[in-house]
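If you read the protein sequences in the order shown, they are chains A, B and C. Here the first sequence is numbered in my numbering, starting from 46 and rising by one per residue. Here the second sequence is numbered in my numbering, starting from 46 and rising by one per residue. Here the third sequence is numbered in my numbering, starting from 46 and rising by one per residue.
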Amino acid sequence: MEPDAMRTAPMKLITIVAEPVLEERLLQEVKRLGARGYTLTEARGEGTQGVLQWMGRNLRIEIVASAAVADAILEHLAHDYFRDYAVIVYVADVQVVRGEKYE
Amino acid sequence: MEPDAMRTAPMKLITIVAEPVLEERLLQEVKRLGARGYTLTEARGEGTQGVLQWMGRNLRIEIVASAAVADAILEHLAHDYFRDYAVIVYVADVQVVRGEKYE
Amino acid sequence: MEPDAMRTAPMKLITIVAEPVLEERLLQEVKRLGARGYTLTEARGEGTQGVLQWMGRNLRIEIVASAAVADAILEHLAHDYFRDYAVIVYVADVQVVRGEKYE
Numbered sequence: 046m047e048p049d050a051m052r053t054a055p056m057k058l059i060t061i062v063a064e065p066v067l068e069e070r071l072l073q074e075v076k077r078l079g080a081r082g083y084t085l086t087e088a089r090g091e092g093t094q095g096v097l098q099w100m101g102r103n104l105r106i107e108i109v110a111s112a113a114v115a116d117a118i119l120e121h122l123a124h125d126y127f128r129d130y131a132v133i134v135y136v137a138d139v140q141v142v143r144g145e146k147y148e
Numbered sequence: 046m047e048p049d050a051m052r053t054a055p056m057k058l059i060t061i062v063a064e065p066v067l068e069e070r071l072l073q074e075v076k077r078l079g080a081r082g083y084t085l086t087e088a089r090g091e092g093t094q095g096v097l098q099w100m101g102r103n104l105r106i107e108i109v110a111s112a113a114v115a116d117a118i119l120e121h122l123a124h125d126y127f128r129d130y131a132v133i134v135y136v137a138d139v140q141v142v143r144g145e146k147y148e
Numbered sequence: 046m047e048p049d050a051m052r053t054a055p056m057k058l059i060t061i062v063a064e065p066v067l068e069e070r071l072l073q074e075v076k077r078l079g080a081r082g083y084t085l086t087e088a089r090g091e092g093t094q095g096v097l098q099w100m101g102r103n104l105r106i107e108i109v110a111s112a113a114v115a116d117a118i119l120e121h122l123a124h125d126y127f128r129d130y131a132v133i134v135y136v137a138d139v140q141v142v143r144g145e146k147y148e
């Protein structure tokens with residue numbers, strides 16, 4: 046085993062839940078903001094956010110990124126999506142093995 | 046950007062993994078206990094919990110909620126499901142953008 | 046409600062994202078290393094890790110385990126997979142209801 050193979054780094058796990066029609070646009074934007082990758086799962090959901098209500102198919106996008114990239118993504122989503130789309134975003138702390146790849 | 050658009054709030058992310066047959070019942074119950082929404086993904090799984098063993102299709106239900114709602118959901122699941130069903134429940138801390146929508 | 050039904054325990058949630066061809070091998074290995082169960086979802090993804098790039102179908106494997114089992118799984122993946130496969134691994138802290146079942 047390489048000496049540093051088990052080095053872990055604190056990173057942010059950003060989860061975005063959004064309408065499927067937003068997939069291409071959201072993925073382009075998060076990559077432009079610094080995301081080095083994403084994992085996308087098909088989901089169903091239901092929710093209410095203020096006057097927005099939705100039920101049906103959803104995309105669930107997960108991104109592991111540095112705190113700076115996470116902040117940029119959150120700010121972008123809050124600014125460009127929250128007024129008009131039923132987008133949910135939350136962030137968790139994770140430890141990533143080989144974290145230097147996500148800078 | 047609105048002054049408070051990036052306000053984040055600490056919330057709980059509750060993940061429930063359960064048999065597909067429980068979907069409708071579980072979703073009704075978590076909404077009754079205060080969940081404002083959920084995200085549901087189809088999964089497969091395998092596990093052992095005491096005398097319970099399972100392998101096959103699973104539902105994975107994610108709920109973002111206040112700590113009080115999370116406690117109510119955990120208590121309900123522990124009381125009504127753990128003896129008879131292979132239900133797994135875990136809770137993580139997340140930061141939610143625009144968290145006031147989940148109260 | 047049983048007196049101890051709501052006992053929670055701090056555990057680790059390990060998420061592995063990998064190529065679908067690795068499914069059987071990875072699941073056998075994590076069980077050998079002490080995982081008592083897993084949840085598997087089909088995903089799509091894209092990413093870059095050093096010289097590795099990938100895009101397409103992914104498996105997303107989630108495992109709730111003790112810190113010791115989590116460490117063993119991370120060490121194994123770092124040692125046996127990171128040089129040759131586009132495997133992503135991250136770990137989060139979770140509170141598990143009825144945590145004694147995951148030891």
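Glycine included, C-beta positions come from ideal geometry on N, C-alpha and C.
- Burial state of residue 100 of chain A is exposed, judged by a 10 Å Cβ sphere holding fewer than 16 other Cβ atoms.
- The Cβ atoms of residue 64 of chain B and residue 83 of chain B lie no closer than 9 Å to each other.
- Taking the Cα positions, residue 131 of chain A is about 22 Å away from residue 61 of chain B.
- Nearest to residue 142 of chain A by alpha-carbon distance, out of C:119, C:86, C:139, C:140, is C:119.
- Taking each of B:105, B:81, B:76, B:89 in turn and checking the Cα distance to residue 88 of chain A, the smallest one comes out for B:105.
- Assignment of residue 78 of chain C by DSSP, reduced to helix, strand and coil, places it in the coil class.
- Burial state of residue 110 of chain B is buried, judged by a 10 Å Cβ sphere holding 16 or more other Cβ atoms.
- Residue 129 of chain C carries a coil assignment under DSSP once its states are collapsed to helix, strand and coil.
- With fewer than 16 other beta carbons inside 10 angstroms of its own, residue 113 of chain B counts as exposed.
- For the pair residue 56 of chain B and residue 134 of chain B, the CB atoms are not nearer than the 9 Å cut-off.
- Taking 7 Å as the Cβ-Cβ cut-off, the segment 58-80 of chain A approaches chain B at 62, given in chain order.
- For residue 55 of chain C, the uninterrupted beta strand (DSSP E) segment begins and ends at 53-63.
- Between residue 72 of chain C and residue 136 of chain C, the gap from beta carbon to beta carbon reaches 9 Å or more.
- About 15 Å separates the CB atoms of residue 79 of chain A and residue 54 of chain A; that is not less than 8 Å, and the two are not in contact.
- Within the segment 105-130 of chain C, the residues whose Cβ lies closer than 7 Å to any Cβ of chain B are, in chain order, 109.
- By the neighbour-count criterion, in which 16 or more other beta carbons inside 10 Å mark a residue as buried, residue 66 of chain C falls on the exposed side.
- Residue-level contact check: residue 134 of chain A touches chain B, since one or more beta carbons of chain B fall below 9 Å from its beta carbon.
- For residue 108 of chain A, the pairing in a beta bridge is given by DSSP as A:59.
- DSSP, reduced to helix, strand and coil, places residue 136 of chain B within a strand of the structure shown.
- The C-alpha of residue 86 of chain B is placed about 28 Å away from the C-alpha of residue 123 of chain C.
- It is roughly 39 Å from the alpha-carbon of residue 52 of chain B to the alpha-carbon of residue 91 of chain B.
- Judged by DSSP in its simplified three-state form, residue 73 of chain A adopts helix.
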